[in-house]
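Worksheet: one structure, shown below.
2 protein chains.
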Amino acid sequence: MKISELSRASGVPVPTVKFYLREGLLPPGRRTAATQADYGPEHLNRLRIIRTLVETAGLSLTSVRKVLDALECPDVQDAIATAHDALMPATERPTEDARRVVEQLGWTVAPDSPALQELAAALDAIAAVGLHLDDDKLATYAAAAEQVAADDVARVPTAPTEDAVARVVLGTVLFEPLLLSLRKLAHQSISRRAWAAQRRGRA
Amino acid sequence: MKISELSRASGVPVPTVKFYLREGLLPPGRRTAATQADYGPEHLNRLRIIRTLVETAGLSLTSVRKVLDALECPDVQDAIATAHDALMPATERPTEDARRVVEQLGWTVAPDSPALQELAAALDAIAAVGLHLDDDKLATYAAAAEQVAADDVARVPTAPTEDAVARVVLGTVLFEPLLLSLRKLAHQSISRRAWAAQRRGRA
Numbered sequence: 012m013k014i015s016e017l018s019r020a021s022g023v024p025v026p027t028v029k030f031y032l033r034e035g036l037l038p039p040g041r042r043t044a045a046t047q048a049d050y051g052p053e054h055l056n057r058l059r060i061i062r063t064l065v066e067t068a069g070l071s072l073t074s075v076r077k078v079l080d081a082l083e084c085p086d087v088q089d090a091i092a093t094a095h096d097a098l099m100p101a102t103e104r105p106t107e108d109a110r111r112v113v114e115q116l117g118w119t120v121a122p123d124s125p126a127l128q129e130l131a132a133a134l135d136a137i138a139a140v141g142l143h144l145d146d147d148k149l150a151t152y153a154a155a156a157e158q159v160a161a162d163d164v165a166r167v168p169t170a171p172t173e174d175a176v177a178r179v180v181l182g183t184v185l186f187e188p189l190l191l192s193l194r195k196l197a198h199q200s201i202s203r204r205a206w207a208a209q210r211r212g213r214a
Numbered sequence: 012m013k014i015s016e017l018s019r020a021s022g023v024p025v026p027t028v029k030f031y032l033r034e035g036l037l038p039p040g041r042r043t044a045a046t047q048a049d050y051g052p053e054h055l056n057r058l059r060i061i062r063t064l065v066e067t068a069g070l071s072l073t074s075v076r077k078v079l080d081a082l083e084c085p086d087v088q089d090a091i092a093t094a095h096d097a098l099m100p101a102t103e104r105p106t107e108d109a110r111r112v113v114e115q116l117g118w119t120v121a122p123d124s125p126a127l128q129e130l131a132a133a134l135d136a137i138a139a140v141g142l143h144l145d146d147d148k149l150a151t152y153a154a155a156a157e158q159v160a161a162d163d164v165a166r167v168p169t170a171p172t173e174d175a176v177a178r179v180v181l182g183t184v185l186f187e188p189l190l191l192s193l194r195k196l197a198h199q200s201i202s203r204r205a206w207a208a209q210r211r212g213r214a
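Chains as they are written, first to last, in our numbering: chain R, 12 to 214; chain P, 12 to 214.
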């Protein structure tokens, strides 16, 4: 298909498609004339992924590039690490506290894992505003995280194909907003019920 | 304390403190001379919150303002709703699918809840890249979300004080990165174990 058709099918404006081509996020089409190229379903698929990562997951172009790089990883574990890396804040933090938390949970992770940086940042932020994270609360959050992660990992086919890598990488990124929105809705649903019960108790 | 002392104590540069004062994010100090004002511990506390929201939670100034507004809510439920609102993407989406999911889970939420918008965006993103969200996976994510939310809500004192509102609002925002980083670390830990077991099985 022509670039105009690719634009229509993907919902991405032609100038933006050209920008992605220039930036190398989208591979070039098959040249059919001096100023024309032909694009296939793989271009459409790639464009849809870029659009989702930019618009819905709210990633920067730098992060999108890292996620796309992760999609090219031949190995699922490398792909997970690269995808995590794409979601990381840029600042470096000491990770002793984070490593201690992981140890306490009995988990094994690479000591230079970027997710340790993210955990360190999360712990710092919680402490900075005077919120208290006790062992019970940490255990509740860790158990929830472990449940969804176990489900994510269990669904990865044992023979990693290109499709498996894509599913792991995109799932890592795109199930985050799912989990966060469900947590917010659960907050509302549970607190509504709790306060309704309280009002009934008082009446 | 003087503005220079406030800056030192909070780690926020004086020009940034002045910017927050001009923007009304930080209430004015008690004027002691034509060009001097006195700041108290409430200013330091507020500055620490702003800094954490900007630097660690990565919120925009508009979102910070909404979270700070939520801190002023007299009612915990309003405060939760306002804090959720601060974390929302700006685009409007149809929410029928999201409402159906919430119904399927047996949760009760306000039909105009902004978190429904976020869930709708998450579902769209997952579908857009061809990932499949079946009922089992949804149930796993919902159960995890419900567990952490129940713990969050259970810790809210029944008589909502200013401090309780602050804890709910800041917890809503700042426990998000905790949950996400733990999910990533659990991914790594679980997949390491799974693949190690597989290699042992093959050997």
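Each residue gets a CB set at the ideal place from its N, CA and C atoms; glycine is no exception.
Bear in mind that the values here come from a model prediction, so they are computed numbers and not experimental data.
- When the five nearest sequence neighbours on each side are left out, the beta carbons in the same chain lying within less than 7 Å of the beta carbon of Leu130(P) are those of Ala109 and Val112, in order along the chain.
- The C-beta distance from Leu196(P) to Ala126(R) rounds to 5 Å, short enough to fall under 8 Å.
- Membership of Thr43(P) in the beta strand (DSSP E) is indicated by the continuous run Arg41 to Ala44.
- Our two residues, Val120(R) and Ala138(P), have alpha carbons roughly 30 Å apart in a direct line.
- For the 9 Å CB-CB criterion, Asp49(P) and Arg41(P) form a contact.
- When Lys13(R), Ala133(R), Ser192(R) and Tyr31(R) are compared, the shortest CA-CA separation from Ser71(R) is found for Tyr31(R).
- Here Arg33(R) is exposed: its Cβ has fewer than 16 other Cβ atoms, across all protein chains shown, within 10 Å.
- If you draw a straight line from the Cα of Lys148(P) to the Cα of Val164(R), it comes to about 12 Å.
- The straight-line gap separating the alpha-carbon atoms of Leu190(R) and Ala156(P) is approximately 6 Å.
- For Ala136(P), there is no enclosing beta strand (DSSP E); the residue is part of the alpha helix (DSSP H) that begins and ends at Pro125 to Ala139.
- Scanning chain P for C-beta atoms nearer than 8 Å to the C-beta of Lys148(R) yields Asp162 and Arg166, reported in chain order.
- Contact note: Val140(P) reaches chain R through Arg59, Ile60, Thr63, Leu181 and Leu185, using a C-beta cutoff of 7 Å and chain order.
- Contact of Val113(R) with chain P by beta-carbon distance below 7 Å involves Leu196.
- Taking CB atoms only, Ile91(R) has a neighbour in chain P less than 9 Å away.
- Excluding five sequence positions before and after Thr106(P), the CB atoms of its chain that fall closer than 7 Å to its own CB belong to Leu127, Gln128 and Ala131, given in chain order.
- Here the C-alpha atom of Glu66(R) lies approximately 27 Å from the C-alpha atom of Ala90(P).
- In the DSSP assignment, Asp147(R) falls within the alpha helix (DSSP H) that extends over Asp146 to Ala165.
- Asp135(P) has its alpha-carbon roughly 36 Å from the corresponding atom of Asp146(R).
- Annotated three-state conformation of Ala48(P) is strand, per DSSP.
- Boundaries of the alpha helix (DSSP H) harbouring Lys29(P): Val25 to Glu34, taken from the DSSP string.
- Distance from the CA of Val23(R) to the CA of Arg62(R), rounded to the nearest whole angstrom, comes to 7 Å.
- Within the same chain, and ignoring the five residues on either side of Leu36(R) in sequence, the residues whose Cβ sits closer than 7 Å to its Cβ are Ile61, Val75, Arg76 and Leu79.
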